[in-house]
Amino acid sequence: MASAPATTFFPKHRHPPPPCRHFHNLRSSKSTTISCTSSPPIITTTTSGNNRQSIPSLLPFSAKYVPFNAVTDECYSLDDIIYRSRSGGLLDVQHDMEALKQFDGKYWRTLFDSRVGRTTWPYGSGVWSKKEWVLPEIDNDDIISAFEGNSNLFWAERYGKHHLGGMNDLWVKHCGISHTGSFKDLGMTVLVSQVNRLRKMNKPLVGVGCASTGDTSAALSAYCAAAGIPSIVFLPANKISMAQLVQPIANGAFVLSMDTDFDGCMKLIREITSELPIYLANSLNSLRLEGQKTAAIEILQQFDWEVPDWVIIPGGNLGNVYAFYKGFKMCQELGLVDRIPRLVCAQAANANPLYLHYKSGWENFSPVKATTTFASAIQIGDPVSIDRAVYALTNSDGIVEEATEEELLDAMAVADSTGMFVCPHTGVALVALMKLRERGVIGKNDRTVVVSTAHGLKFTQAKIDYHSKSIKEIASKFANPPVEVAAEYGAVMDVLKKHLKKVS
Ligand SMILES: *Cc1c(COP(=O)(O)O)cnc(C)c1O
1 MASAPATTFF
11 PKHRHPPPPC
21 RHFHNLRSSK
31 STTISCTSSP
41 PIITTTTSGN
51 NRQSIPSLLP
61 FSAKYVPFNA
71 VTDECYSLDD
81 IIYRSRSGGL
91 LDVQHDMEAL
101 KQFDGKYWRT
111 LFDSRVGRTT
121 WPYGSGVWSK
131 KEWVLPEIDN
141 DDIISAFEGN
151 SNLFWAERYG
161 KHHLGGMNDL
171 WVKHCGISHT
181 GSFKDLGMTV
191 LVSQVNRLRK
201 MNKPLVGVGC
211 ASTGDTSAAL
221 SAYCAAAGIP
231 SIVFLPANKI
241 SMAQLVQPIA
251 NGAFVLSMDT
261 DFDGCMKLIR
271 EITSELPIYL
281 ANSLNSLRLE
291 GQKTAAIEIL
301 QQFDWEVPDW
311 VIIPGGNLGN
321 VYAFYKGFKM
331 CQELGLVDRI
341 PRLVCAQAAN
351 ANPLYLHYKS
361 GWENFSPVKA
371 TTTFASAIQI
381 GDPVSIDRAV
391 YALTNSDGIV
401 EEATEEELLD
411 AMAVADSTGM
421 FVCPHTGVAL
431 VALMKLRERG
441 VIGKNDRTVV
451 VSTAHGLKFT
461 QAKIDYHSKS
471 IKEIASKFAN
481 PPVEVAAEYG
491 AVMDVLKKHL
501 KKVS
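Numbering (the UniProt record's numbering), first residue to last: 1 to 504.
Here you go:
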């Protein structure tokens, strides 16, 4: 078993970075018509004096939209405003892999490592440190970044050893320790930067809109506010908490509160964005996944490019399980690592269409009616990215697990008691891990990463309700309510002595 790496994010490699002036100088054509046929790398040989030198004439890095997992010539420039393929299917951002392959894995590893934590705009960001793999053609001046990414990979030593049968190589990737408190920042910096570029190109875009009750609207409003781009958020009236409302309000989004549910808001915003020049920021949008995938690359980087055995991701609309797959797969294809981890997607039992699909042997997918779950960001019965998720899981020998409300709340409480402060979605992922450990699928010494998707502070009400044992039909086995005691020396002494006897 490999020894555990340091939890700090500073790269161990201190070699000077390779010259990367190519990246700064390359600008490909900004026209919106592009050719779909990618040409092979051109290697020219020049002769200077007596020294014959092979100089690769660099293919510029580029990316385009193509229909997801389909054999077709159809493609679009990233500067086009388009969300679906001609047949109504999903799009995918496809990079010119031949251009990226002009450099070997070691080159990319060293380049990425050299940028971590630096202030050279915009490469200090965890997303933009991988710019050539994300949005290679955007001008650095057009990027809207809040230094997202670079989140802590926490060694969950106590949780693993004490609560998962002596697991000693368990890690929690705290993606929620981020600008707006969730991993949605990773994708939103990419989407808003691209919109910023489109507006500078005089494309007719008056703003960006989304229907969301939580993390997406928070991330969208923050990045748009930083860019000075109007944002429009559709929210169902009286169905969301103050905590969910406050971020877009504070960031100056135009918040429309309407008398319907989330699905009603979603339907409306899609109709409206097809009529008005408002860019649609929902997870249908494949640009966001390009940012989300950098979390996978960052995990490899934090392990000094050693590949973990398992990565567990909570899933709702299911774009992210694919984004992680894509990040790992690119690292394999470009020679940074030689394999990819097995992926586990974890769902709430109250919103488990992917789990049911997996259990049926991927036979027939049917959406479900999602019911209320504390893991509110994954309360989705008809996931937009179902095809992306099935692709990611079947190509990574993946597994799907589910968690009931009681299971996820208990897992959160136990994790918190070992020094974390996790959100309910992370609780769902921890339950998946526990079940796979119990069945012996995940071994004691397997290096395992649980992706924590939001900050626990966004979900304090769930924790308060749990610890005050006020949730119906939930026993709150691990509740730790405050003890009420009279403000008198004797009374305090009594309860303290009793407590100290218990913990010693
Ligand atoms: C969006 C989100 C997820 C799920 O991501 P999908 O791509 O929709 O599966 C999980 N947790 C949190 C906190 C989220 O905001």
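Glycine included, C-beta positions come from ideal geometry on N, C-alpha and C.
Every value quoted in this text rests on a predicted model; they were computed, and no experiment measured them.
If you compare the alpha carbons of V503, C75, N152 and A392 with that of Q302, the shortest gap goes to N152. When the alpha-carbon of S476 is set against those of D79, V495, A413 and E438, the nearest one is in A413. Residue environment analysis places H174 among the buried positions, since at least 16 neighbouring C-beta atoms fall within 10 angstroms of its C-beta. Under DSSP, I313 takes part in a beta bridge, and its partners are C345.
At least one heavy atom of ligand 1 lies less than 7 Å from the C-beta of P314.
Contact between A211 and I278 is absent: CB atoms are separated by about 12 Å, not below the 8 Å threshold. According to DSSP, residue pairing for Y279 in a beta bridge involves V208.
In the three-state scheme derived from DSSP, where H, G and I count as helix and E and B as strand, T460 is classed as helix.
Burial is judged here by how many other beta carbons sit within 10 angstroms of a residue's own beta carbon; Y123 has at least 16 and is buried. A distance of 8 Å or more separates the beta carbons of V450 and A479. In the DSSP assignment, Y76 forms a beta bridge with Y65. By the Cβ-count criterion, S241 is exposed, with fewer than 16 other Cβ atoms from all chains shown falling within 10 Å of its own Cβ. Counting only runs of at least 3 residues, the stretch 98-169 fully encloses the following beta strand (DSSP E) elements, listed from N- to C-terminal order: 153-155.
A heavy atom of ligand 1 is found nearer than 7 Å to the CB of A377. Checking the 7 Å criterion, the Cβ of N285 is out of range of every heavy atom belonging to ligand 1. Bridge partners of A296 according to DSSP: none are assigned. Boundaries of the alpha helix (DSSP H) harbouring E405: E405 to D416, taken from the DSSP string. Set against 7 Å, the gap from the CB of C210 to the closest heavy atom of ligand 1 is not smaller.
In the three-state reduction of the DSSP assignment, F328 falls in the helix class, which pools H, G and I. Between the beta-carbon of T453 and that of H425 there is about 5 Å, and that keeps the pair under the 8 Å contact cut.
Rounded to the nearest angstrom, the gap between the Cα atoms of A295 and R197 is 24 Å. Within the chosen limit of 7 Å, ligand 1 does not reach the beta carbon of T372 with any heavy atom. With three or more CB-CB distances shorter than 8 Å, the stretch 334-352 counts as touching the stretch 366-379.
Its chain contains V321, C345, A346, Q347, L354, I378 and A389 as the residues whose beta carbon lies nearer than 7 Å to that of G315, once the 5 sequence neighbours on both sides are disregarded; these appear in chain order. For E401, the secondary structure class from DSSP, reduced to helix, strand or coil, is strand.
Taken through DSSP and simplified to helix, strand or coil, L354 comes out as helix. Of all alpha-carbon atoms in I442, K239 and V195, the one lying nearest the alpha-carbon of G214 is that of K239. Under DSSP, H467 shares a beta bridge with no residue. Beta-bridge partners assigned by DSSP to D92: V66. Restricting attention to A99, L90 and Y223, the CA atom closest to the CA of D142 is found in Y223. Taking 7 Å as the cut-off, one finds no heavy atom of ligand 1 near enough to the beta carbon of L170. Distance from the CA of T460 to the CA of H467, rounded to the nearest whole angstrom, comes to 11 Å. Per DSSP, L235 lies in no alpha helix (DSSP H); the unbroken beta strand (DSSP E) holding it starts and ends at S231 to P236. With a contact defined as Cβ atoms closer than 8 Å, A63 and H95 qualify at about 5 Å. Judged by DSSP secondary structure, L198 falls outside any beta strand (DSSP E) and instead within the alpha helix (DSSP H) spanning K184 to K200. Here H179 is not bridged, per DSSP, to any residue.
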